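FYI, the numbering for the sequence shown is 5 to 298, going by this note's numbering. To keep things clear, I will list the structure first and then write my remarks on it.
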Amino acid sequence: MLERYEVETFLTLAEELHFGRTAERLTVSTGRVSHIVKKLERRIGAPLFARTSRVVRLTPIGRQLADELAPLVAGMDEAVRRAIDAARGVTGTLRVAFLGEWTAPVLLRAVALFGERHPDCRVEVHEAQLSTTRSGLLDGSTDVLIASYPFDGMATGPALLSEDRMLAVPAGHPLSRERSVSLEVLADHPVVQYPTVTSAEFKRDRTPERTPAGRPVPKGPAGNTFSEMLSLVALGRGVLPVGEHTRRYYPRPDVAYVPIHDAPPIERGPVWLPSNTTTRVREFVRAATDANPR
């Protein structure tokens, strides 16, 4: 069996590939790091690192060991955190956010039920912006976000909302007189783009590069906020696929919304950072699901 400090030293060096930085992170001497690594190599019977005066590299055996140990250690840490959470109960502060006004009622119903079940946990609510949804989850300023799927790189809970897709076009545009349109019309008009910070999978879903028939979709300008994107539509700079709730929450005399008859529905629900799957987060997702039956 490896001791915890041995595993920690090995994985840190495998990440840093530098004895000095590893020692600094672990608050030990470089000699201590070197001693632990040599001890591990003797026990395994093969070098784990190839070392020169300038470069430290993992050997194939070292890479294999790092790849297999890292998820095991992460799982152990998560198990301990879950046990601590269970022992303490659901307390502290939970930071939740919603993206888009139509998701606010869903979030507020979830907050109310969660508060009834866990009165010792304080819930902070705020509205997120397109440009900060991912950064907020990554830096911990948001624990759970109610937003659209897909949201790549994040854990997602059960979908709480489902809506048909529509195409936002300038008022008076020839498409505004249609009863419905096909996704194929995207090949005939520039499509307004989401901010650069928006996840790639989400962009492929909302503003695809090709139609279902394989025709290329021309890219229009990008907006920084959803309102700005609709303004670009109103200015005639492009069209934009949206959810049907947009017509209710963003009614504009200069924008028309036309149903897309061959597009799958948009789904929305809880999103959170996988490494932040605490008891608070799990209980909030459960409350959100119970408070918003479909």
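For every residue, glycine included, the Cβ atom is placed at its ideal position computed from N, Cα and C. Because the structure is a prediction, the values reported are computed rather than measured.
Collapsing the DSSP output to three states places residue 24 in a helix. Annotation: the continuous alpha helix (DSSP H) that includes residue 109 extends over 108-121. The beta carbon of residue 15 lies closer than 7 Å to those of 70, 73, 74, 77 in the same chain, with the five residues before and after it left out. Under the three-state reduction of DSSP output, residue 139 falls in the helix class. Of 193, 7, 274, the smallest CA-CA separation from residue 166 is found for 274. Buried is the label assigned to residue 197, since at least 16 other Cβ atoms lie within 10 Å of its Cβ. When the five nearest sequence neighbours on each side are left out, the beta carbons in the same chain lying within less than 7 Å of the beta carbon of residue 202 are those of 134, in order along the chain. Between the beta-carbon of residue 137 and that of residue 103 there is about 6 Å, and that keeps the pair under the 8 Å contact cut. The shortest C-alpha to C-alpha distance from residue 209 to any of 232, 178, 242, 169 is the one to 169.
Within the DSSP bridge table, the entry for residue 99 names 128 as partners. If you look at residue 155, you'll find it isn't in any beta strand (DSSP E); DSSP assigns it neither H nor E. According to DSSP, residue 172 shares a beta bridge with 244, 261. For residue 231, the enclosing alpha helix (DSSP H) starts and ends at 230-238.
Between residue 95 and residue 124 the beta-carbon gap is near 5 Å, inside 8 Å, which marks them as a contact. For residue 274, the pairing in a beta bridge is given by DSSP as 150. Between residue 13 and residue 40 a beta carbon distance of about 5 Å is seen, short of the 8 Å cut, so the two are scored as contacting. A Cβ-Cβ contact shorter than 8 Å links residue 164 with residue 292. Of the residues assessed, residue 257 falls on the exposed side of the cut-off, its CB having fewer than 16 other CB atoms within 10 angstroms.
Beta bridge pairing from DSSP links residue 220 with 214.
Straight-line spacing of the CA atoms in residue 222 and residue 294 works out to 42 Å.
In the three-state scheme derived from DSSP, where H, G and I count as helix and E and B as strand, residue 68 is classed as helix. DSSP, read as helix, strand or coil, puts residue 50 in coil. Counting only residues of its own chain and dropping the five nearest sequence neighbours on each side, residue 194 has a CB closer than 6 Å to the CB of 222, 224, 242.
Of the residues 62, 280, 254, 185, the one whose Cα lies closest to the Cα of residue 267 is 185.
Straight across, the Cα-Cα distance linking residue 214 with residue 207 is about 12 Å.
Remark: C-beta atoms of residue 131 and residue 151 do not approach each other more closely than 8 Å. DSSP places residue 279 within a helical segment (H, G or I) once states are collapsed to three. Judged by DSSP secondary structure, residue 252 falls within the alpha helix (DSSP H) whose first and last residues are 249-253. For residue 84, the three-state secondary structure derived from DSSP is helix.
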